[in-house]
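Colleague: This is the structure I have questions about; it appears just below.
In the numbering used here, the protein residues as written are 1170 to 1326.
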């Protein structure tokens, strides 16, 4: 059984004199790869005289680039959406055969494409200590992820 959730966002600015606005990037639209079904979506922008171009960032998130050609005494961005909240298994996804067992190595071309996401920065002492407690024994990758998430949930709770 699922429930419907209505979300409303409103950013409203009033100015004591007409002001010019540079282009705005508005990131208030669900990504196309979102698992949560979006039943309705609407966006309202004031001043009514504006130009909007929908773009996507490198991660496929929607961006509304809004240009305001004239000065205005008001800026309003309003978004309404209805989402269907349903229970789903977040670990129900496909893995390539080479990644079904943990640990695994990425194929060279894929590793190159994933390089920005595989970069490891410095860890603080708390993070380093926590990572020492992670069980790295070989097993199914899904089992490793479920166990790691369960441990995080338990420790954060």
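Cβ coordinates follow ideal geometry from the N, Cα and C atoms, glycine included.
1. If we count the other Cβ atoms within 10 Å of its Cβ and call it buried at 16 or more, is residue 1114 buried or exposed?
2. Can you tell me whether residue 1194 is helix, strand or coil according to DSSP?
3. Going along the chain, which residues of its own chain have a beta-carbon closer than 7 angstroms to the beta-carbon of residue 1223, five neighbours each way excluded?
4. May I have the straight-line CA-CA distance separating residue 1291 from residue 1209, to the nearest angstrom?
5. List the endpoints of the continuous beta strand (DSSP E) containing residue 1185.
6. Touch check for the stretch 1263-1273 and the stretch 1180-1193: three-plus C-beta pairs under 8 angstroms?
7. Drop a sphere of 10 angstroms on the beta-carbon of residue 1284, count the other beta-carbons inside from all chains shown, and report buried for 16 or more, exposed for fewer.
8. Sorted by chain position, which residues of the same chain lie with C-beta nearer than 6 angstroms to residue 1247's C-beta, five sequence neighbours on each side aside?
9. If you count every other CB in all the chains shown that lies within 10 Å of the CB of residue 1189, and 16 or more means buried, which is it?
10. Please confirm whether residue 1260 and residue 1307 have their CB atoms less than 8 angstroms apart.
11. Give a yes or no on whether the C-beta atoms belonging to residue 1171 and residue 1200 are separated by under 8 angstroms.
12. In whole angstroms, what is the alpha-carbon distance linking residue 1318 and residue 1326?
13. Anyone know if the C-beta pair for residue 1249 and residue 1177 falls short of 8 angstroms?
14. Would you grab the beta carbon distance between residue 1215 and residue 1244 for me? Rounded to a whole angstrom, and I think it's under 8 angstroms.
15. How about residue 1192 and residue 1236: are their beta carbons less than 8 angstroms apart?
Modeller: Answer, in terms of the structure:
1. The structure shown does not extend to residue 1114, since the chain spans only 1170 to 1326, so no value can be given for it.
2. Strand.
3. So the qualifying residues of the chain are 1231 and 1233.
4. CA-to-CA, the gap between residue 1291 and residue 1209 works out to about 42 angstroms.
5. Start and end: 1172-1188.
6. Per the Cβ contact rule, the stretch 1263-1273 is not in contact with the stretch 1180-1193 (fewer than 3 Cβ pairs under 8 angstroms).
7. So residue 1284 counts as exposed.
8. Only 1179 and 1213 meet the Cβ criterion.
9. That one is exposed.
10. Cβ distance not < 8 angstroms, so residue 1260 and residue 1307 don't count as in contact.
11. Contact annotation: residue 1171 and residue 1200 have beta-carbon atoms that are not nearer than 8 angstroms.
12. Straight through space, the alpha carbons of residue 1326 and residue 1318 are spaced by roughly 12 angstroms.
13. Contact flag set, yes.
14. Taking 8 angstroms as the upper bound for CB-CB distance, residue 1215 and residue 1244 are in contact here, some 7 angstroms apart.
15. A Cβ-Cβ contact shorter than 8 angstroms links residue 1192 with residue 1236.
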